[in-house]
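Colleague: The numbers in full-length UniProt numbering rise by one with no breaks, and the one at position 165 of the sequence shown is 165. C-beta: ideal position from N, C-alpha, C; glycine also. Since we're looking at a predicted model, the values are computed, not measured. Please find one structure pasted underneath; my questions will follow.
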Amino acid sequence: RDNGMHALIIYDDLSKQAVAYRQMSLLLRRPPGREAFPGDVFYLHSRLLERAAKRSDQTGAGSSTALPVIETQAGDVSAYIPTNVIPITDGQICSETELFYRGIRPAINVGLSVSRVGSAAQLRAMKQVRGSSKLELAQYREVAAFAQFGSDLDAATQALPNRGARLTEVPKQPQ
């Protein structure tokens, strides 16, 4: 990035790195914090991720993009490491094992996936499509969960599963 070039850095997997760092810190008898992680684990991750930047023309015009991967236990994004890394990044893409096993690939949970940049970097037409599609997919998942229990649904709500199923098919990738 300092020489006008562009770099992509994928940190796979910061949660495993944090566990290794926790074990080393405990062996060195450093005082443990939440979930027995050392107090400086947030500083360690922020130091890594905040290096990603776009340089100005005066300082080299290069860029580096960081993509941290965080593994969660049972999709729990409220655990210590995910809650430490999420505020450092400009958004997150949350994948879901259940979607993957149902053949939905990419297996992205649209309800948990967010972006700080989001629509500011999109064309107007894309904003319109994305906005309604994301909401409809989230509603589809909720209705599908209730519909399997045989709940009585009104006509508007009954239309959601059909549209949601079609929206789910659009981004699917062949295996």
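How would you call Ile70, buried or exposed, if buried means at least 16 neighbouring beta carbons within 10 angstroms?
Modeller: Buried.
Colleague: Apply the 10 Å Cβ neighbour rule to Tyr140 and answer buried if 16 or more other Cβ atoms are within range, or exposed otherwise.
Modeller: By the 10 Å Cβ count, Tyr140 comes out buried.
Colleague: Measuring CB to CB, does Ile93 end up less than 8 Å from Ile108?
Modeller: In this structure, Ile108 lies closer than 8 Å to Ile93 by Cβ.
Colleague: Whose C-beta lies closer than 8 Å to the C-beta of Pro161 among residues of the same chain, with five residues either side of it excluded?
Modeller: If we look at Pro161 and ignore the five residues flanking it on each side, its Cβ neighbours are Tyr140, Val143, Ala144, Ala147.
Colleague: Taking only runs that begin and end inside the stretch 21-75, name each unbroken alpha helix (DSSP H) of 4 or more residues, in chain order.
Modeller: Qualifying alpha helix (DSSP H) stretches, in chain order: 41-49.
Colleague: Here's the rule: buried if 16 or more other CB atoms are within 10 angstroms of the residue's CB, otherwise exposed. What is Gly39?
Modeller: Per the 10 Å Cβ criterion, exposed.
Colleague: Given this structure, state the Cα-to-Cα distance separating Ser113 from Glu50, to the nearest angstrom.
Modeller: So the two alpha carbons sit approximately 20 Å from each other.
Colleague: Among residues of its own chain, excluding the 5 on either side of Ala18, which ones have a beta-carbon nearer than 7 Å to its beta-carbon?
Modeller: Contacts found: Phe37, Val41, Ile81.
Colleague: For His6, count neighbouring C-beta atoms within 10 Å of its own C-beta (all shown protein chains included) and say buried if the count is 16 or more, exposed if not.
Modeller: That one is exposed.
Colleague: Let me confirm a value: Pro32 is counted as buried when at least 16 other C-beta atoms fall within 10 Å, else exposed. Which label applies?
Modeller: Classification for Pro32: exposed.
Colleague: Taking Cβ to Cβ, would you say Val117 is nearer than 8 Å to Gly91?
Modeller: Cβ distance < 8 Å, so Val117 and Gly91 count as in contact.
Colleague: If we ignore side chains and look at the alpha-carbon of each, how far apart do Tyr11 and Arg124 end up?
Modeller: Tyr11 and Arg124: Cα-Cα distance of roughly 33 Å.
Colleague: Below 8 Å on the Cβ atoms is my contact criterion, and I expect Lys134 with Val110 to pass it. Report the Cβ-Cβ distance as a whole number of Å.
Modeller: Right, the Cβ-Cβ distance comes to about 5 Å (below 8 Å), so this counts as a contact.
Colleague: Of the residues Glu136, Tyr101, Asn84, Phe100, which one's Cα is nearest the Cα of Leu14?
Modeller: When only C-alpha atoms are compared, the closest one is Asn84.
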